[in-house]
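Written out below as structure tokens is the structure these notes cover.
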DNA sequence: AACTCCCCAAGGAGATTCCTATGCTTTCGC
DNA sequence: GCGAAAGCATAGGAATCTCCTTGGGGAGTT
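Chains as they are written, first to last, in full-length UniProt numbering: chain A, 1 to 305; chain W, 1 to 305.
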């Protein structure tokens with residue numbers, strides 16, 4: 001009989017390409033994992049891995065199985081959370097994924113709002129960056145999240161756009177802010193971009209890449225930093241310009257670099273924020289509360305999609 | 001640890017409002033179901049049923065849990081079905097290795113044939129060059145492949161020759177095509193050879209090296225290119241001659257360099273194509289299908305071994 | 001009050017899980 | 001090449017889990 005335990009062992013093995021590594025991760029001895037995987041292969045009646053010298057290699061049947069296994073485990077994981085949070089709306093923890101830049105909008109206020117409505121709960125806002133959050137969603141470690149997306153399609157996920165924020169060009173030089181910035185001008189600009197660690201998957205970067213490519217240009221940045229705050233600061237010192245969401249600009253410029261200004265791109269470009277959760281998931285009351293509050297706040301400081 | 005078995009017992013109990021009835025349905029004794037449900041309540045740390053005189057009544061927490069339990073069980077059920085249907089070739093992926101030059105024979109047609117026979121499957125033909133494919137076989141990333149070989153012995157591999165294709169000398173100069181080319185003449189020719197990256201291990205090169213060495217000559221090429229197409233094109237411009245499989249010549253000359261002709265070597269030399277897989281491996285149905293189709297096609301455009 | 005239905009508890013047989021130790025094959029570094 | 005290392009399989013035994021049977025108790029029913 002198929003069991004979750006077998007599926008867990010299977011997935012760990014699939015991801016590591018190794019029984020030993022899987023056993024390590026799961027905290028078991030190698031033969032135990034080996035036994036579970038073999039039992040799974042037996043109940044399904046098909047080989048899932050080829051044993052080859054060093055390590056194991058998934059067969060195409062393993063590829064077929066994987067998404068189902070993930071879904072089963074995620075459902076079990078969510079079951080646990082749902083029950084916990086059903087108890088907890090009076091006394092437990094509400095956990096919700098949110099991209100780091102959310103602090104530029106209304107992070108603290110969201111928490112305050114939830115706490116006012118449910119005085120007994122503990123609130124956790126998880127996540128540094130949209131991509132990290134998405135990974136945690138996929139693995140079922142998070143139930144739902146509000147993140148920046150570049151596509152409304154994501155394998156196995158439901159994406160509900162909530163709001164969008166315009167990307168604006170910021171500069172300390174008023175000369176460059178007299179008219180909207182085209183792709184051609186942007187390509188020539190000396191850019192300071194944040195989120196270096198996520199550079200290949202950061203939503204602002206992706207939008208800009210698309211923007212430039214369509215006009216036949218290639219994106220190139222002059223300075224790479226991690227924090228949006230740092231980027232704005234450097235722009236303030238005249239070391240270059242940058243492109244950030246308008247919400248970030250309005251929030252940060254007055255306190256970090258008052259003489260910096262901003263102007264639209266032409267055509268206007270947007271960062272889209274969306275609620276994301278596993279497709280078909282039943283959302284817990286706690287998640288629904290968070291979604292409602294977060295959506296309301298984000299909408300109050302941005303424009304509708 | 002949460003298990004599917006517990007969830008199954010929970011659901012049956014939830015639906016019947018009775019442990020006895022659930023046990024009946026599941027084919028267990030009543031205390032067994034009772035134990036599973038109790039274990040589930042313990043791992044979740046919440047009560048799922050109130051025991052009232054006659055039968056049991058789900059709590060609101062049980063209501064919360066139910067959809068997740070159903071989803072987890074459904075996912076497991078679907079996993080089983082998906083794997084079954086993949087193994088019966090109704091769906092799933094067929095992955096097969098094949099050397100790049102296969103496109104000169106019947107690459108696309110092979111895929112079309114498999115798809116016609118198994119409309120639900122996805123087909124992946126992996127590989128740029130025979131040597132790269134062999135490496136993937138060795139590492140177990142591929143189950144079986146059709147490649148060009150120069151030896152029927154390969155460490156740990158089973159090699160089943162399928163067909164051979166003659167190597168022909170191609171030239172834009174009709175003078176040089178009046179009689180079969182001997183090793184002595186070939187050694188003096190100004191050669192344009194493809195597959196530069198694989199030059200030391202390319203099967204055509206190896207066959208030619210052998211051919212020349214036996215007659216006491218050393219191979220030397222004038223121009224090195226990557227693509228067979230490029231080589232044929234250059235031969236068409238009179239920059240030199242080349243040696244390629246006859247299948248490639250027949251395919252490419254009419255479209256790339258119509259006035260180029262070809263002639264045999266003396267003695268005739270051959271490129272041998274073979275099915276290769278790890279020694280002792282039991283081949284999946286998918287691999288067998290690919291082998292059958294690929295063999296049939298290759299044979300239809302070449303001569304038997 | 002007796003009966004019935006249905007749950008819980010206890011105890012034991014059998015299966016499963018998980019460990020350690022060991023052997024075998026492949027791979028890697030010298 | 002050849003020894004060392006990595007990694008999976010096998011074996012055997014201890015612990016745990018599963019599932020059974022039997023028996024007890026509470027709550028409706030007659």
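Beta carbons: idealized from backbone N, C-alpha and C, even for Gly.
Can you list, in chain order, the residues of its chain with a C-beta nearer than 8 Å to that of residue 7(W)? Leave out the 5 residues immediately preceding and following it. Here residue 7(W) refers to the residue found at position 7 when the second chain is read from its first residue. These residues qualify, in order along the chain: 40, 69, 72, 73.
Any C-beta of chain A under 7 Å from that of residue 95(W): Within the second chain, the letter at position 95 stands for residue 95(W). It does; some Cβ of chain A falls within 7 Å.
How is the alpha helix (DSSP H) around residue 268(W) delimited, first residue to last? Against the second chain, residue 268(W) aligns to sequence position 268. Element bounds for residue 268(W): n/a, residue is neither H nor E.
Check residue 296(W) in the structure and name its three-state DSSP category. To locate residue 296(W), count along the second chain from 1; it is residue 296. Helix at residue 296(W).
I want to know whether the region 223–239 of chain A touches the region 268–278 of chain A - three or more CB-CB distances under 8 Å. no
Contact between the region 49–63 of chain A and the region 2–19 of chain A (3+ Cβ pairs under 8 Å): yes
Could you tell me the distance, in whole angstroms, from the CA atom of residue 238(A) to the CA atom of residue 202(A)? Taking the first chain and counting its residues from 1, one reaches residue 238(A) at position 238. Taking the first chain and counting its residues from 1, one reaches residue 202(A) at position 202. Roughly 24 Å between the two C-alpha positions.
Would you identify the three-state DSSP class for residue 118(A), choosing helix, strand or coil? The sequence position of residue 118(A) within the first chain is 118, counting from 1. Coil.
Report the neighbours of residue 78(A) on chain W: residues whose CB is nearer than 9 Å to its CB, in chain order. Here residue 78(A) refers to the residue found at position 78 when the first chain is read from its first residue. Under the 9 Å cutoff, chain W gives 68, 71, 72.
Determine which residues of the region 43–57 of chain W have a Cβ less than 7 Å from any Cβ of chain A, and write them out in chain order. 44, 46
Status (buried if at least 16 other CB within 10 Å, exposed otherwise) for residue 64(A): Numbered from its first residue, the first chain carries residue 64(A) at position 64. That one is buried.
For residue 163(W), the nearest candidate out of 296(W), 124(W), 112(W), 206(W) (CA to CA): Within the second chain, the letter at position 163 stands for residue 163(W). Comparing Cα positions, the closest option is 296(W).
Please specify which runs of the alpha helix (DSSP H), each continuous and at least 4 residues long, are wholly inside the UniProt domain "HTH lysR-type" (2–59) of chain W, giving them in chain order. 4–16, 19–26, 30–44
For the candidate residues 186(W), 231(W), 244(W), whose alpha-carbon lies nearest to that of residue 219(W)? Along the second chain, one-based indexing puts residue 219(W) at 219. Here the closest residue by C-alpha is 186(W).
Flag this pair as yes or no: are the beta carbons of residue 172(A) and residue 217(A) separated by less than 7 Å? The sequence position of residue 172(A) within the first chain is 172, counting from 1. The sequence position of residue 217(A) within the first chain is 217, counting from 1. No. Outside cutoff.
Leaving aside the five residues before and after residue 56(W) along the sequence, list all residues of the same chain whose C-beta is less than 8 Å from its C-beta, in chain order. For the purposes of this step, residue 56(W) is taken as residue 56 along the second chain, with counting starting at 1. Counting only Cβ-Cβ distances below 8 Å, and skipping sequence neighbours, we find 13, 17, 18, 19, 49, 50.
Nearest-angstrom Cα separation, counted from residue 168(W) out to residue 180(W): Within the second chain, residue 180(W) is the residue found at index 180, counting from 1. Within the second chain, residue 168(W) is the residue found at index 168, counting from 1. Approximately 9 Å, taken between the alpha carbons.
Relative to the C-alpha of residue 149(A), which candidate in 243(A), 99(A), 287(A), 221(A) has its C-alpha closest? The count along the first chain starts at 1 and reaches residue 149(A) at position 149. Measuring from the Cα of residue 149(A), the nearest candidate turns out to be 99(A).
State the start and end residues of the unbroken beta strand (DSSP E) segment that holds residue 219(A). As a working mapping, residue 219(A) is identified with position 219 in the first chain. It is not in any beta strand (DSSP E) - residue 219(A) carries neither H nor E in the DSSP assignment.
Would you call the CB atoms of residue 147(A) and residue 121(A) closer than 7 Å? Numbered from its first residue, the first chain carries residue 147(A) at position 147. Numbered from its first residue, the first chain carries residue 121(A) at position 121. Not in contact: residue 147(A) and residue 121(A) (Cβ atoms no closer than 7 Å).
Residues within the region 7–18 of chain A neighbouring chain W, beta-carbon criterion of under 7 Å: none
Complete runs of the beta strand (DSSP E) confined to the region 181–261 of chain W [at least 3 residues]: 242–245
N- and C-terminal bounds of the beta strand (DSSP E) containing residue 95(W): If you number the second chain from 1, residue 95(W) lands on position 95. Start and end: 93–98.
Take residue 301(W) as the anchor and find which of 9(W), 246(W), 255(W) has the nearest alpha-carbon. Translated into the one-based positions of the second chain, residue 301(W) becomes position 301. It is 246(W) whose Cα lies nearest to the Cα of residue 301(W).
Closest to residue 309(W) by C-alpha separation, out of 271(W), 104(W), 43(W), would be which residue? The structure shown does not extend to residue 309(W), since chain W is modelled only from 1 to 305, so the question has no answer here.
Please confirm if residue 140(W) has its CB atom under 7 Å from at least one CB of chain A. Against the second chain, residue 140(W) aligns to sequence position 140. Yes, residue 140(W) counts as interfacial toward chain A.
Contact defined as beta carbons within less than 8 Å: I believe residue 43(A) pairs with residue 2(A). What is the distance between those atoms, to the nearest angstrom? Counting from one through the first chain, the residue named residue 43(A) turns up at place 43. Counting from one through the first chain, the residue named residue 2(A) turns up at place 2. Residue 43(A) to residue 2(A), Cβ: 6 Å. Contact.
Thinking just about the alpha-carbon of each residue, which of 290(A), 293(A), 286(A) is nearest to the one in residue 83(A)? Here residue 83(A) corresponds to residue number 83 of the first chain, with the count starting at 1. When only C-alpha atoms are compared, the closest one is 286(A).
Looking at C-alpha atoms only, which residue of 241(A), 78(A), 117(A) is the closest neighbour of residue 193(A)? By one-based count along the first chain, residue 193(A) stands at place 193. Considering only alpha carbons, the answer is 241(A).
Under 7 Å, do residue 61(A) and residue 4(W) count as touching if we go by C-beta distance? As a working mapping, residue 61(A) is identified with position 61 in the first chain. As a working mapping, residue 4(W) is identified with position 4 in the second chain. No.
Straight-line gap, residue 221(A) to residue 270(A) (C-alpha atoms, nearest Å): Here residue 221(A) refers to the residue found at position 221 when the first chain is read from its first residue. Here residue 270(A) refers to the residue found at position 270 when the first chain is read from its first residue. Cα-Cα distance, rounded: 19 Å.
Spatially closest choice to residue 233(W) from 215(W), 258(W), 174(W), by CA coordinates: In the second chain, residue 233(W) corresponds to position 233, counting from 1. Residue 258(W) is the option with its Cα nearest to residue 233(W).
Alpha-carbon to alpha-carbon, residue 135(A) and residue 298(A): As a position in the first chain, residue 298(A) is number 298, starting the count at 1. As a position in the first chain, residue 135(A) is number 135, starting the count at 1. Residue 298(A) and residue 135(A): Cα-Cα distance of roughly 22 Å.
Could you tell me which chain A residues have their CB closer than 7 Å to the CB of residue 64(W), listed as they occur along the chain? By 1-based counting over the second chain, the position of residue 64(W) is 64. Near residue 64(W) (Cβ distances below 7 Å), the residues of chain A are 82, 83, 86.
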